[in-house]
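Student:
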Amino acid sequence: MKCDPVNPVGSGIVNVWQETYPVLFGAIDRSDRLTLSAMFQYFQEAATSHAINLGVGRDDMARTGQGWILSRMSVTVNRRPGYREPVTVRSWPRGWDKLFAIRDYEIRGKDETTAVSGRSVWLIVDMEKRRPLRPQAVMDTLPLNEGLEAYPPEAGAVTGLAERSDLQKITERKALYTDMDFYDHVNNCSYVKWIEDSLDPQALEKANKIRFDINYLNEILIGETVEILSARIEDAEAAHAALLKAVAFEGKKAETGQAAFRAELRLWL
């Protein structure tokens, strides 16, 4: 069954959302390959369309005063698709764990093998009180997709990232109009762009394999300034010979010192 992003409800309910399109010019860097932030954009659009298809989209949730808030995301890149390469983006719900609703993703390249895997966990929030709600009432109506997993349990996806004491400020960003989304806070993809912009472009361009984990801790509103801090990750995985960079990040609101996000990025040749 074809999934139509223009009319997500038009073809009936689907357990796994799937769209195929070419990697366009605005989604690549100087290496001629898909960027990490563009991958997040692909995932966001697929999840949004599938939520509408399943009857739990933005407007459906708003009728009961609820909304989806992305809490954590893990992405593993085994290969970066190239410019004009046809890619298939897939997304599906995976049930829940305590307060978290789980959604998986993958990007398949022209050879139909998985180039990128992703997992996210979401909170269902009372939008007036900004408090999380238990997800069962919503998730019980959605497909569980048992056995269809982007990550095996041992991969450690979407775990909480610990606060670090060795971080140093490397830059700061002010939240501006193009960073914002419908909910009037910084969009999840903008955080990834901020981290990309704080790194050596050559390392990002050279990277063939990537592991990226991010925890979204507190919303950032327009006009707020965020200090971005980082530190090198020292662990056994980081010592791999092909490693380009292994960096931990934290974004803190300059006005209050409140942590807005934490992330870890590993780049390999």
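By the count of the numbering used here, the sequence shown reaches residue 392 at its end, each step adding exactly one. Every residue, glycine too, gets a C-beta built ideally from N, C-alpha and C.
Please specify which runs of the beta strand (DSSP E), each continuous and at least 3 residues long, are wholly inside the stretch 276-342, giving them in chain order.
Tutor: Entirely contained in the stretch 276-342, the beta strand (DSSP E) runs reaching 3 residues are, in chain order, 291-297 and 332-339.
Student: Go ahead and pull the three-state DSSP assignment for I192.
Tutor: Within the sequence shown, the letter at position 69 stands for residue 192. Residue state, collapsed to three classes: strand.
Student: Using the three-state DSSP reduction, which class does S160 fall into: helix, strand or coil?
Tutor: For the purposes of this step, residue 160 is taken as residue 37 along the sequence shown, with counting starting at 1. Reduced to three states, the DSSP call for S160 is helix.
Student: In the structure shown, what three-state DSSP assignment does Q167 receive?
Tutor: On the sequence shown, residue 167 is found 44 positions in, with the first residue counted as 1. Q167 falls in the helix class under three-state DSSP.
Student: Please report the distance separating the alpha-carbon of L265 from that of S134.
Tutor: Looking up residue 265 in the sequence shown gives position 142. Looking up residue 134 in the sequence shown gives position 11. Distance between the alpha carbons of L265 and S134 is about 17 Å.
Student: For a test of the three-state rule: what should DSSP assign to Q381, helix, strand or coil?
Tutor: By one-based count along the sequence shown, residue 381 stands at place 258. If DSSP states are grouped into helix, strand and coil, Q381 belongs with coil.
Student: Tell me where the beta strand (DSSP E) around R203 begins and ends.
Tutor: As a first step, residue 203 must be located in the sequence shown, where it is residue number 80. Element bounds for R203: n/a, residue is neither H nor E.
Student: Please classify G241: does DSSP put it in a helix, a strand, or coil?
Tutor: The residue labelled residue 241 in the question sits at position 118 within the sequence shown. Note: G241 maps to strand in three-state DSSP.
Student: Using beta-carbon positions only, say whether V309 and D320 come within less than 9 Å of one another.
Tutor: Your numbering for residue 309 matches position 186 in the sequence shown. Your numbering for residue 320 matches position 197 in the sequence shown. No. Outside cutoff.
Student: Got a sec, what are the start and stop residues for the beta strand (DSSP E) A371 sits in?
Tutor: By one-based count along the sequence shown, residue 371 stands at place 248. That run of the beta strand (DSSP E) goes L366 to K376.
Student: Anyone know if the C-beta pair for L340 and T158 falls short of 9 Å?
Tutor: Translated into positions along the sequence shown, residue 340 becomes position 217. Translated into positions along the sequence shown, residue 158 becomes position 35. Cβ atoms of L340 and T158: not closer than 9 Å.
Student: Can you give me the C-alpha to C-alpha distance between C126 and E378, rounded to a whole angstrom?
Tutor: Within the sequence shown, numbered from 1, the residue matching residue 126 stands at position 3. Within the sequence shown, numbered from 1, the residue matching residue 378 stands at position 255. If you take the alpha carbons of C126 and E378, they lie about 44 Å apart.
Student: Can you find the residues in the same chain that come closer than 6 Å, C-beta to C-beta, to F166, ignoring five residues on each side of it along the sequence?
Tutor: Translated into the one-based positions of the sequence shown, residue 166 becomes position 43. Hits under 6 Å: Y228 and G241.
Student: Helix, strand or coil: which one does DSSP assign to G149?
Tutor: One-based indexing of the sequence shown puts residue 149 at position 26. Of the three classes helix, strand and coil, the one that applies to G149 here is helix, per DSSP.
Student: Out of R296, A224, R334 and A169, which has the shortest C-alpha to C-alpha gap to L193?
Tutor: In the sequence shown, counting from the first residue as 1, residue 193 sits at position 70. The candidate whose alpha carbon is nearest that of L193 is A224.
Student: Can you tell which of G180, V179, V244 and A330 has the C-alpha that lies nearest to the C-alpha of G279?
Tutor: Mapped onto the sequence shown, residue 279 falls at position 156. Minimum Cα distance to G279 is reached at V244.
Student: Taking 9 Å as the cut-off, decide whether the C-beta atoms of I356 and R389 are in contact.
Tutor: Here residue 356 refers to the residue found at position 233 when the sequence shown is read from its first residue. Here residue 389 refers to the residue found at position 266 when the sequence shown is read from its first residue. Contact flag set, yes.
Student: If you run the structure through DSSP and keep just helix, strand and coil, what is R181?
Tutor: Position 58 of the sequence shown, counted from the first residue, corresponds to residue 181. If DSSP states are grouped into helix, strand and coil, R181 belongs with the helices.
Student: How long is the line joining the alpha carbons of G232 and A238, rounded to whole angstroms?
Tutor: As a working mapping, residue 232 is identified with position 109 in the sequence shown. As a working mapping, residue 238 is identified with position 115 in the sequence shown. Spanning the two alpha carbons is a distance of roughly 6 Å.
Student: To the nearest angstrom, how far is it from the Cα of D336 to the Cα of P128?
Tutor: Indexing the sequence shown from 1 puts residue 336 at position 213. Indexing the sequence shown from 1 puts residue 128 at position 5. Roughly 27 Å between the two C-alpha positions.
Student: Quick check on the DSSP output: what are the complete beta strand (DSSP E) runs of length 3 or more inside the stretch 244-275, in order along the chain?
Tutor: Listed in chain order, they are 254-256.
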